[in-house]
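Below is one structure, written out as structure tokens, with a few remarks after it.
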Amino acid sequence: MKSYYFLPLMIFILLISNSLSGIVCADLPKIQILATGGTIAGTAQNQSELTLYKSGDLSVDALIASLPEMSTYAHVVGEQIYNIDSIEMTPDIWLTLANRVNKLLESPDIDGVVITHGTDTLEETAYFLNLVVKSEKPVVITGSIRPATALSADGPLNLLNAVILAASRDAAGKGVLILLNGQINGARDTTKTNTEMVETFKSADFGLLGYMDNEVPRFYRESLKLHTTATNFDVTSRTTLPKVDIVMLYPGVDRTAIDAFVANKTEGIIIASLGNGGYSKSIKAALQDVIDRGIPVVISSRTGTGIITSKDPEFISSDSLNPQKARILLMVALTQTHNLDEIEKIFRIC
Numbered sequence: 001m002k003s004y005y006f007l008p009l010m011i012f013i014l015l016i017s018n019s020l021s022g023i024v025c026a027d028l029p030k031i032q033i034l035a036t037g038g039t040i041a042g043t044a045q046n047q048s049e050l051t052l053y054k055s056g057d058l059s060v061d062a063l064i065a066s067l068p069e070m071s072t073y074a075h076v077v078g079e080q081i082y083n084i085d086s087i088e089m090t091p092d093i094w095l096t097l098a099n100r101v102n103k104l105l106e107s108p109d110i111d112g113v114v115i116t117h118g119t120d121t122l123e124e125t126a127y128f129l130n131l132v133v134k135s136e137k138p139v140v141i142t143g144s145i146r147p148a149t150a151l152s153a154d155g156p157l158n159l160l161n162a163v164i165l166a167a168s169r170d171a172a173g174k175g176v177l178i179l180l181n182g183q184i185n186g187a188r189d190t191t192k193t194n195t196e197m198v199e200t201f202k203s204a205d206f207g208l209l210g211y212m213d214n215e216v217p218r219f220y221r222e223s224l225k226l227h228t229t230a231t232n233f234d235v236t237s238r239t240t241l242p243k244v245d246i247v248m249l250y251p252g253v254d255r256t257a258i259d260a261f262v263a264n265k266t267e268g269i270i271i272a273s274l275g276n277g278g279y280s281k282s283i284k285a286a287l288q289d290v291i292d293r294g295i296p297v298v299i300s301s302r303t304g305t306g307i308i309t310s311k312d313p314e315f316i317s318s319d320s321l322n323p324q325k326a327r328i329l330l331m332v333a334l335t336q337t338h339n340l341d342e343i344e345k346i347f348r349i350c
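Its first residue numbered 1, the sequence shown is counted upward by one per residue in UniProt numbering.
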């Protein structure tokens with residue numbers, strides 16, 4: 001072929017290729033990453049250091065730049081909400097995060113949200129959002145056990161999978177999802193079970209929702225408890241959340257902590273009971289005094305799993321929620337009602 005035929009042909013092919021590429025890119029879902037810090041953005045002094053590191057050291061832009069593969073699956077935009085160790089997480093930050101997520105998901109230009117978070121309090125943030133986010137668009141929260149500088153760091157794949165999951169239509173309407181180690185868990189039932197192992201987030205009672213199978217989400221079940229758009233909770237106008245405290249029971253425990261929380265104007269108490277809702281006679285008397293003040297008492301278990309059978313009708317069963325999750329639900333419930341019967345119903349359905 002002569003050069004004066006070849007050159008126009010090549011230009012035509014390039015133009016068509018660029019046009020098709022633009023069409024494909026335009027069709028990609030738009031995913032917003034809200035970064036809050038944590039180990040996934042952490043750095044250590046050397047690659048073999050897995051536990052002594054600085055959390056929240058890398059920016060969201062740095063995390064995105066390290067994963068160009070994300071652009072294959074979605075248009076990704078990063079936003080640095082906070083950059084903290086998740087042990088510094090607070091209810092005020094939850095409110096900021098919830099309002100930002102709701103605002104983003106109102107936009108037709110956003111198809112899903114990914115939140116990067118430290119793993120120590122990830123389950124609580126996830127469950128709070130599960131109750132108050134008002135959209136069926138995917139919200140996926142992820143993190144890592146190893147810092148970004150570690151050999152075999154788990155953060156990059158977790159973040160990539162979280163973006164893929166948030167971009168999937170199959171993830172819509174399933175509540176807030178937790179994605180780590182290729183496993184898809186629901187926010188309500190999942191807890192951190194190990195301090196250092198990458199397979200730490202588990203739903204011991206009810207199991208996974210699904211897996212990431214070679215970059216494809218595979219779902220096998222979903223929660224029947226109310227979440228997101230199915231709840232009546234609305235925190236958009238709130239600047240604070242009700243104060244709720246947790247009391248751990250153990251042999252020989254007295255009422256000191258309970259009385260201290262009441263004196264400090266607690267609005268609700270969660271009991272991490274012994275076994276299936278067990279507590280001593282002296283603790284029962286202390287809790288009765290709390291109830292007499294109009295302060296709700298919710299009985300959970302320090303075992304962390306299992307359904308709680310309430311021994312006394314004045315006290316509310318946490319259903320299957322562990323103490324930290326029960327605290328979240330009571331805080332949110334108290335934004336709506338202080339009626340004990342209504343709160344008990346909320347614990348049955350959420």
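Here a beta-carbon is modelled for each residue, glycine too, at the ideal position from N, C-alpha and C.
Local Cβ density within 10 Å of residue i, reported as buried at 16 or more and exposed below that
i: Ala187; result: buried
i: Lys2; result: Bear in mind that a pLDDT of 48 at Lys2, under 50, signals an unreliable position, so the number given afterwards is only what the model happens to contain. Looking at its Cβ environment, which holds fewer than 16 other Cβ atoms inside 10 Å, Lys2 is exposed.
i: Ala126; result: buried
i: Lys265; result: exposed
i: Asp154; result: buried
i: Val24; result: In this prediction, Val24 has a pLDDT of 43, which is less than 50 and means its spatial position is unreliable; nothing more can be read from the coordinates.
i: Gly294; result: exposed
i: Met248; result: exposed
i: Pro147; result: buried
i: Leu157; result: buried
i: Met70; result: buried
i: Lys174; result: buried
i: Leu142; result: Strictly speaking, residue 142 in this sequence is Thr, with Leu absent from that position. With 16 or more Cβ atoms within 10 Å of its Cβ, Thr142 is classed as buried.
i: Thr256; result: exposed
i: Lys281; result: exposed
i: Ala260; result: exposed
i: Val224; result: The residue asked about is misnamed: residue 224 is Leu in this sequence, not Val. With fewer than 16 other Cβ atoms within 10 Å, it is exposed.
Cβ-based neighbour list, residue i, same chain, cut-off 8 Å, excluding 5 preceding and 5 following
i: Ala230; result: none
i: Thr240; result: Pro91, Asp92, Leu95
i: Val244; result: Thr266, Glu267, Gly268, Ile269, Ile270, Arg327, Leu330, Met331, Leu334
i: Asp319; result: Ile307, Ile308, Phe347, Arg348
i: Glu123; result: Ile178, Ala187, Thr190, Thr191, Lys192, Phe201, Gln324, Lys325
i: Ala167; result: Leu28, Pro29, Ile31, Tyr73, Ala74, Asp111, Gly112, Pro138
i: Val290; result: Ile258, Val262, Ile269, Val297
Between the CA atoms of residue j and residue i - distance to the nearest angstrom
i: Leu97; j: Val216; result: 28 Å
i: Leu131; j: Gln47; result: 38 Å
i: Leu177; j: Pro251; result: 37 Å
i: Phe206; j: Gly275; result: 19 Å
i: Gly278; j: Pro68; result: 52 Å
i: Gly304; j: Asn322; result: 5 Å
i: Thr335; j: Arg238; result: 9 Å
i: Ala62; j: Lys311; result: 52 Å
i: Arg348; j: Leu50; result: 40 Å
i: Gly22; j: Thr72; result: Since pLDDT at Gly22 reaches only 44, below the 50 mark, its modelled position is unreliable, and the value read off the structure follows with that caveat. Their backbone Cα atoms lie some 13 Å apart in a straight line.
i: Gly56; j: Thr121; result: 14 Å
i: Ser201; j: Val262; result: The amino acid at residue 201 is misidentified as Ser; the sequence shows Phe. Taking the straight line joining both Cα atoms gives about 33 Å.
i: Ser86; j: Asp254; result: 31 Å
i: Glu88; j: Arg218; result: 34 Å
i: Ser107; j: Ala286; result: 49 Å
i: Tyr220; j: Leu208; result: 8 Å
i: Ser41; j: Arg100; result: It should be noted that the sequence gives Ala, not Ser, for residue 41. Distance between the alpha carbons of Ala41 and Arg100 is about 20 Å.
i: Ile283; j: Glu314; result: 14 Å
i: Glu196; j: Ile145; result: 6 Å
i: Ser273; j: Ser66; result: 45 Å
i: Thr236; j: Pro242; result: 15 Å
i: Val163; j: His338; result: 39 Å
i: Glu199; j: Ser152; result: 14 Å
i: Ala172; j: Glu79; result: 22 Å
i: Thr39; j: Asn214; result: 24 Å
i: Val140; j: Phe233; result: 20 Å
i: Gly118; j: Ile246; result: 22 Å
i: Glu136; j: Arg169; result: 10 Å
Residues of its chain near residue i, where Cβ-Cβ distance is below 7 Å and the 5 sequence neighbours each way are ignored
i: Pro296; result: Gly268, Ile316, Leu330, Leu340, Ile343
i: Leu104; result: Gln32, Ile110, Val113
i: Tyr82; result: Thr36, Gly37, Ile93
i: Ser203; result: Asn185, Gly186, Asp189, Thr190
i: Lys134; result: Asn102, Thr228, Thr229
i: Leu52; result: Ala44
i: Ser300; result: Ile270, Ile271, Ala272, Ser273, Ile308, Ser318, Leu321, Asn322, Pro323, Ala326
In DSSP terms, what residue i is bridged to
i: Arg218; result: Tyr211
i: Thr142; result: Thr116
i: Ala272; result: Met248, Ser300
i: Phe201; result: Lys192
i: Gly277; result: None; Gly277 has no bridge partner.
i: Leu179; result: Ile184
i: Ser317; result: Ile299
beta-carbon residue i near the ligand GTP non-hydrogen atom, thresh 8 Å
i: Thr200; result: With respect to the ligand GTP, the structure shown offers nothing to examine, as it has no ligands at all.
Close Cβ partners of residue i (< 6 Å) along its chain, the five nearest in sequence each way excluded
i: residue 359; result: In the structure as shown, the chain starts at 1 and stops at 350, and residue 359 therefore has no counterpart that could be examined.
i: Ile11; result: With a pLDDT of 44 at Ile11, under the threshold of 50, the modelled position of that residue is not reliable, and the figure given next carries that caveat. For Ile11, where only same-chain residues beyond five positions count, there are no Cβ hits under 6 Å.
Could I get the ranges of all uninterrupted alpha helix (DSSP H) runs contained in the region 21–99, with 4 residues as the minimum, in chain order?
60–65
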